[in-house]
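Undergrad:
Numbering (the numbering used here), first residue to last: 1083 to 1222.
1. Determine the contact status of residue 1098 and residue 1222, defining contact as a CB-CB distance below 9 Å.
2. Going straight from the alpha carbon of residue 1197 to that of residue 1089, what length do you get?
3. Suppose you measure from the CA of residue 1172 to the CA of residue 1123; what does that come to, to the nearest Å?
4. Would you mind working out which of 1125, 1136, 1149 and 1175 sits nearest residue 1109, comparing C-alpha positions?
5. Would you grab the beta carbon distance between residue 1153 and residue 1102 for me? Rounded to a whole angstrom, and I think it's under 8 Å.
6. Taking only runs of the alpha helix (DSSP H) that begin and end inside the region 1143 to 1213, which ones reach a length of at least 4 residues, in chain order?
7. With distances taken between CB atoms, is the gap from residue 1180 to residue 1083 smaller than 9 Å?
8. Just how far apart, CA to CA, sit residue 1145 and residue 1138?
9. Where does residue 1115 sit, in a helix, a strand or coil, going by DSSP?
10. Comparing C-alpha positions only, which one of 1151, 1174 and 1218 sits nearest to residue 1023?
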């Protein structure tokens, strides 16, 4: 497993993320509706709004991973995706050296496919991603 490097603007990025005041906030119907649409449109079982904090990714909205609110940042696909200007896609995590031995791949939820689009704040910082995940290898 190859962990994601920290963004060069990490201190400012984290300050912008925390200034939003949404980390660990209650469920909101609008965000839940967005991930349900993403799951349906992309025909995947899992869709998330993931906010990448200093040591975790926290899920503001979640379809397909009931009872899971966060995962450690060091295994988060979204920690890689926040570096992307556009969609970050992993067609087959088992064949990608960055993820092949990642516990999110080798154990539950058994990720094979991941695609994440950065959530860019008005400041230009990336707070996290809107991502879709499948348990079978594929492309968008």
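Beta carbons are placed, not taken as given, at the ideal position from N, Cα and C, and that holds for glycine. Nothing here was measured: the structure is a model prediction, and the numbers come from that model.
TA: According to the data block:
1. Cβ atoms of residue 1098 and residue 1222: not closer than 9 Å.
2. Rounded to the nearest angstrom, the two C-alpha atoms are 19 Å apart.
3. Looking at the backbone, the Cα of residue 1172 and that of residue 1123 are separated by about 18 Å.
4. A check of alpha carbon separations from residue 1109 across 1125, 1136, 1149 and 1175 identifies 1149 as the nearest.
5. Not confirmed; about 20 Å, so no contact.
6. Entirely contained in the region 1143 to 1213, the alpha helix (DSSP H) runs reaching 4 residues are, in chain order, 1159 to 1163 and 1185 to 1188.
7. The answer is yes: Cβ separation under 9 Å.
8. Looking at the backbone, the Cα of residue 1145 and that of residue 1138 are separated by about 18 Å.
9. The three-state reading of DSSP puts residue 1115 in helix, counting H, G and I together.
10. Nothing can be reported for residue 1023: it is not among the residues displayed for the chain, which extend from 1083 to 1222.
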